[in-house]
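Numbering-wise, this note's numbering puts 113 at position 111 of the sequence shown, and it's gapless, one number per residue.
We put the beta carbon where it would ideally sit given N, CA and C, even for glycine.
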Amino acid sequence: MLLANSLIRKLWSSLNHNHNFRTRFSNEADGTYASVILKGDRYTTAYPDDIVSTDDIDNAIGTLTSHITTVVENSSRTVPAKSNRRKLPIDVSELIRDKNAALGRAGKYPTSENRSRARALQRKVKAGMKEIRNENWSDLMSEISPSHKPYWGLVKALKTEGAVPIPALKRPDNSIAFDDREKANCLADGIEYQCSENPPYN
3 MLLANSLIRK LWSSLNHNHN FRTRFSNEAD GTYASVILKG DRYTTAYPDD
53 IVSTDDIDNA IGTLTSHITT VVENSSRTVP AKSNRRKLPI DVSELIRDKN
103 AALGRAGKYP TSENRSRARA LQRKVKAGMK EIRNENWSDL MSEISPSHKP
153 YWGLVKALKT EGAVPIPALK RPDNSIAFDD REKANCLADG IEYQCSENPP
203 YN
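Next comes the structure, spelled out in structure tokens:
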């Protein structure tokens, strides 16, 4: 009974001294899990000091269990265990783990060899992620059809109705640019001229 009393007192004390507890309950039947965080709030329920029998221990355990159950219900939330996001390829995931481990070693033991390996792995991860983004973009483009509503919705949103045409532009030689091609060339020449007048510093 002394051991049980000591254990209950220790657990009660832990719950009342700003400790944070985090746990997770999974439910494979519906693909969800509950992420539970017990915040470090001080609980108002005091530890009973008059435990002298096994019945008192049972009552204390019941009170503690009820209190924890209430806290769990108030602090938990259920979120989907799965998402529609694509998982990274295994080789890229392994590269990321190796890169993180190498960065950790380089931070703890900053030798030239460790730093060099960390930088090399960073470059590999960057290249791998770029390749994945290109593949995802190619897949998206291949799925777009003339009836693809999101695509045409974007085109419609970007299209400006009632756009004001650019007026005729005057070239440096005082000639006038009227059509769109001439205006574009005129603007390009003007930008090039301004840049040539202000060369970059070496």
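* Within 10 angstroms of the Cβ of K132, are there 16 or more other Cβ atoms? Answer buried if so, exposed if not. => exposed
* To do: Tell me, please, whether the region 88-108 touches the region 118-126 by the rule of three or more beta-carbon pairs shorter than 8 Å.
  => yes
* Beta-bridge pairing of A179 - partner residues as DSSP gives them -> L171
* Asked: Distance, Cα to Cα, E96 vs M143?
  -> 28 Å
* Asked: For P167, which option in R99, A186 and V127 has the closest C-alpha, if you only look at C-alpha atoms?
  -> A186
* Asked: Considering only the beta carbon of each residue, do V74 and K101 sit closer than 7 Å?
  -> no
* To do: Taking the CB atoms as reference points, tell me whether I178 and A170 lie closer together than 7 Å.
  => yes
* Check K185 in the structure and name its three-state DSSP category. => helix
* 6 Å Cβ shell around I134 - same chain, five flanking residues per side excluded -> none
* **Straight-line gap, T113 to I63 (C-alpha atoms, nearest Å)** => 55 Å
* Beta-carbon proximity list for F173, same chain, < 8 Å, skipping 5 on both sides -> Here residue 173 is Arg; the residue named in the question, Phe, does not match the sequence. Taken in chain order, the residues that qualify are A179, C188 and D191.
* Buried or exposed for I193, please, with buried defined as at least 16 other CB atoms from any protein chain shown within 10 angstroms of its CB. => exposed
* Asked: Just the Cα atoms here: how many angstroms apart are R183 and N176?
  -> 17 Å
* Asked: What residue does the alpha helix (DSSP H) around T65 start on, and which one ends it?
  -> T56 to S77
* **Which of helix, strand or coil DSSP assigns to R107** => helix
* Asked: What is the DSSP secondary structure of R2, reduced to helix, strand or coil?
  -> Because residue 2 is not part of the residues shown, which for the chain are 3 to 204, the question remains open.
* To do: Measure the C-alpha to C-alpha separation of D141 and V94 and round it to an integer number of angstroms.
  => 19 Å
* Taking DSSP as the reference, what is the three-state secondary structure of L90? -> coil
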